[in-house]
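In the numbering used here, the protein residues as written are 20 to 117.
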């Protein structure tokens, strides 16, 4: 995938200028298990949260809203701080052992 932007985190207005609308992404409480995803963008909310946008190979978009905690903007299921993600980075939540 190629992107017009080179930085993951951005303001709502920057996202809009790049044609990124987080409202087109499915809002999820957790990223899907075992599905390879590509990091698209992290759109700042009110400086207390960041809307992290991901897409799978089939073009399904996922929005994970991350609130700031004392240790940063950690996406629990990935164990990574949202501010450390890069555009186009491949991530995957491990499938749980059942």
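Where is the CB? At the ideal position from N, CA and C, for every residue including glycine.
Excluding the 5 residues flanking it on each side, residue 108 has same chain C-beta neighbours closer than 6 Å at 58, in chain order.
Counting only the Cα atoms, residue 88 lies some 27 Å from residue 75.
In the assembly as shown, residue 60 is a buried residue. Its beta-carbon has 16 or more other beta-carbons within 10 Å. When secondary structure is reduced to three states using DSSP, residue 76 falls in the coil class, being assigned neither helix nor strand.
Restricting attention to 35, 48, 25, the CA atom closest to the CA of residue 82 is found in 48. In this structure, DSSP gives residue 87 a state outside helix and strand, which the three-state scheme calls coil.
Across the structure, residue 24 and residue 115 are spaced so that their CA atoms are roughly 33 Å apart. In the three-state reduction of the DSSP assignment, residue 95 falls in the coil class, being assigned neither a helical nor a strand state.
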